[in-house]
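Read top to bottom, the protein sequences are chains A and B.
Heads up: the first sequence begins at 10 in this note's numbering, then just goes up one per residue.
Heads up: the second sequence begins at 25 in this note's numbering, then just goes up one per residue.
All C-beta atoms, glycine included, are put in the ideal place defined by N, C-alpha and C.
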Amino acid sequence: GQNIDQPTEMTATEGAIVQINCTYQTSGFNGLFWYQQHAGEAPTFLSYNVLDGLEEKGRFSSFLSRSKGYSYLLLKELQMKDSASYLCAPSGGSYIPTFGRGTSLIVHP
Amino acid sequence: DTGVSQNPRHKITKRGQNVTFRCDPISEHNRLYWYRQTLGQGPEFLTYFQNEAQLEKSRLLSDRFSAERPKGSFSTLEIQRTEQGDSAMYLCASSLDVTIAFFGQGTRLTVV
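Printed below as a string of structure tokens:
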């Protein structure tokens, strides 16, 4: 089964840093995806973590702790265009991403 | 190849009618997924193909929904006897083996 929890909404200021947390309980866990989704558009891939630790990719970093069932997405130097929904998606035995409700991030000037 | 393509982009149908959507995955991607998304929610898994074989189907998927992927290339999702609750964005994604899933732009269905 799947149980994914992430905050519904977060706000932050342009240029700041924001951390979006995700906890999960996933049968046969084998990895975790983060996707970004702007309103009315398709989700776009941000990161995929299989092993514990932090993976950095430009302004975005993603962290995974398999033993704690915990991940976070870190966004640095926030820009207005980062206003979007951020979807945490652990994958289980069939390697199928299962999505949480998403965190709506609002970046203001 | 420009990515996952879905058609139509929008569909308005009357309750009780049948609708069919098409998804063309990225070339050589052997895995294809269908998801449904309603406002304020994340994508909800519907079904998944590996090549032409439908390997998994959500228990939430009613018998009115059927999907095919003949020859392991494009896929179709059909909804029979549509209901207002079927109104949603239907998303298709594809991946090569168990790597990153790339999404299409979706088909927005409105049942009136």
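Query, Result
"If you measure between the beta carbons of Pro106 of chain A and Ser100 of chain A, is that distance less than 7 angstroms?", "yes"
"Along the chain, where does the beta strand (DSSP E) containing Arg105 of chain B start, and where does it finish?", "No beta strand (DSSP E) contains Arg105 of chain B, which DSSP labels as neither H nor E."
"In the DSSP assignment, find the beta strand (DSSP E) that holds Gln61 of chain B and state where it starts and stops.", "Arg55 to Gln61"
"Quick one: does Gly109 of chain A have its CB under 7 angstroms from some CB of chain B?", "yes"
"Are the C-beta of Tyr72 of chain B and some C-beta of chain E separated by less than 7 angstroms?", "The question asks about chain E, but that chain is absent: this structure's protein chains are A and B."
"Ordered along the chain, which non-local residues of its own chain (more than five positions away) have a Cβ less than 6 angstroms from that of Gly96 of chain B?", "Asn75 and Glu76"
"Nearest to Tyr114 of chain B by alpha carbon, out of B:Val122, B:Thr123, B:Leu120 and B:Thr100?", "B:Thr100"
"So which of A:Ser92, A:Ser80 and A:Thr22 has the shortest CA-CA distance to Phe42 of chain A?", "A:Ser80"
"Taking 7 angstroms as the CB-CB cut-off, is Gly10 of chain A touching chain B?", "Confidence is the limiting factor: at Gly10 of chain A the pLDDT is only 48, short of 50, which leaves the residue's position unreliable and the question unanswerable from this model."
"Which term fits Ile36 of chain B, buried or exposed, when burial requires 16 or more other beta carbons within 10 angstroms of its beta carbon?", "exposed"
"Buried or exposed, going by whether 16 or more other CB atoms sit within 10 Å of the CB of Gly102 of chain A?", "exposed"
"I want to verify the contact list: residues of chain B whose CB lies under 7 angstroms from the CB of Ala51 of chain A, in sequence order.", "Leu115, Phe127, Gly128, Gln129 and Gly130"
"Tell me, please, which residues DSSP counts as bridged to Phe89 of chain B.", "B:Ile103"
"I want to see whether chain B comes within less than 7 angstroms of Thr112 of chain A, judged by CB atoms only; does it?", "no"
"Give the interface partners of Pro106 of chain A over in chain B, defined as CB-CB distance under 7 angstroms, in chain order.", "Ala125"
"Thr22 of chain A to Asp91 of chain A, Cα distance in whole Å?", "11 angstroms"
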